[in-house]
Structures are given as structure tokens and as C-alpha cells.
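>
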Amino acid sequence: MLTLYRPGTGWLHRMPAGPKTVMLLALTLGVFLLPPVWWSAGVAAAASVVAYAAAQLHDGALGMRDLGRQLFALRWILLVMLVSQLLFLGPEPAVANATRVTSGLLLAALLTLTTPTTALLEAVERGLGPLRYVRIDPQRIALLLTITLGTVPVLARIATDVRAAQKARGARANLRTFVVPFLVISLKHADELGEALASRGVR
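Residue numbering for the sequence shown follows the working numbering, starting at 202 and increasing by one per position.
(1) For residue 296, which residues of its own chain have a beta-carbon under 8 Å away from its beta-carbon, when the five flanking residues on both sides are left out?
(2) What residue does the alpha helix (DSSP H) around residue 267 start on, and which one ends it?
(3) Quick one: residues in its chain with C-beta nearer than 7 Å to the C-beta of residue 256, no 5 flanking neighbours on either side, listed in chain order?
(4) Figure out for me which residue from 361, 252, 215 has the closest Cα to the Cα of residue 227.
(5) Quick one: residues in its chain with C-beta nearer than 6 Å to the C-beta of residue 218, no 5 flanking neighbours on either side, listed in chain order?
(6) Alpha carbon to alpha carbon, what distance is there between residue 288 and residue 234?
(7) Is the beta carbon of residue 308 sitting closer than 7 Å to the one on residue 225?
(8) May I have the straight-line CA-CA distance separating residue 370 from residue 361, to the nearest angstrom?
(9) Determine whether the beta carbon atoms of residue 169 and residue 326 lie at a separation below 7 Å.
(10) In three-state DSSP terms, what is residue 243?
(11) Would residue 275 and residue 357 be called neighbours here (beta carbons separated by less than 7 Å)?
Shown next as C-alpha cells:
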């Protein structure tokens with residue numbers, strides 16, 4: 202599983218994984234619960250900017266350089282989502298929904314940027330510990346959540362690789378020719394991940 206963790210000394214790096222996860226999940230949930238209107242797009246975008254600026258990532262640009270890297274990596278995924286919603290929902294809900302989802306992905310990336318995967322897995326497992334009393338394995342849920350967070354940068358990398366391959370072949374930017382190879386490679390990655398988990402006894 203790909204991890205984006207980068208060591209640092211900012212307050213978000215020093216914050217325990219458990220409280221940090223709860224805080225960022227609460228912020229993400231708040232963004233997702235915004236109504237699909239124009240002003241919510243501005244609120245969602247502002248939430249991401251403020252979160253990265255406050256994280257003290259020390260990238261030389263108040264976190265905006267790291268924010269830009271994450272956003273650039275997600276550009277093709279977001280384009281597909283925006284275009285599809287424009288076709289079926291119209292401009293206002295499409296822009297609002299795309300911005301809210303983008304903000305959620307950026308906040309998830311911020312969590313993985315500042316938290317080692319092992320620490321994140323342990324924190325989620327501890328938080329879900331009481332579920333053992335109702336015969337639910339917290340280790341499985343923690344693993345699922347961690348894999349989900351790790352899948353975001355993987356999909357972004359796949360999108361970048363697909364577009365780079367198209368450019369190398371002289372192909373013009375085209376949504377239709379991008380979606381098919383992106384989906385094929387993504388599904389292949391999902392199969393390989395499932396086989397790797399199965400080989401380790403995860404069912």
C-alpha cells in the first residue's frame with residue numbers, strides 16, 4: 202500500500218493519531234454535509250486551505266505547495282467526476298459536489314501525510330475496540346479504513362501514469378480515452394490488492 206507519510210515537526214505531526222483522526226474525520230464529515238449550493242463550494246475549498254496552512258508542513262509556502270501537489274495528482278479523477286455530474290445534475294450541484302469531494306480527499310491525504318500508517322492503524326483499532334463485544338473484529342475495520350485512505354494516492358498515481366502514457370504516444374487529452382485505461386488499471390490494482398490480502402489470511 203502506498204503511503205504519503207513525510208516526517209515533520211509541526212503540531213499536526215506531533216498530535217496523537219487517535220485525536221487527529223477524529224478531528225480530520227469530523228472536519229471531512231462537516232464538509233460532506235454541506236448542501237449542494239454555490240457557497241458550500243467556497244466553504245469546502247476554504248476548509249482545505251486553512252487545514253493545510255495550519256498543519257505546519259514546512260513546505261516553504263504555508264502548506265500550499267503540498268496542497269497543490271495533492272490537487273494536481275487528483276486532477277483527472279476530479280475532472281471525470283465534475284463532467285459526469287454536469288451532464289446529469291447541472292452546474293451548481295456539480296461544482297459544489299466536486300469541491301466537497303475534493304476537500305474530503307485532500308483532508309484524507311493530510312492525515313496520511315502527517316501520520317505513519319502503523320500509528321493510524323493502531324489508533325483506529327483502539328477506537329473500535331468496544332465492537333469486539335458485538336462480535337465485530339476491529340482489526341478488519343481498521344485495516345479497511347487504512348487501505349481506503351491509502352487508495353486515494355494510488356488512484357491519483359494511476360491517473361497521472363495513464364495521462365503520461367497518452368502524452369508519450371502523442372495522444373490528445375480526451376476524457377473517453379482516459380477513462381477506459383484508468384478503470385482497467387484501477388480494477389487490476391484492486392484484484393492484486395485482494396489477492397495480497399487473501400495470501401495473508403485476510404478474508
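In this text, a Cβ means the ideal position worked out from N, Cα and C, and glycines have one as well.
Straight from the coordinates:
(1) 239, 242, 283
(2) 265-274
(3) 211, 213, 264, 311, 315
(4) 252
(5) Counting only Cβ-Cβ distances below 6 Å, and skipping sequence neighbours, we find 316, 320, 321, 324.
(6) 23 Å
(7) yes
(8) 14 Å
(9) Nothing can be reported for residue 169, as the shown portion of the chain is limited to 202 through 404.
(10) helix
(11) yes
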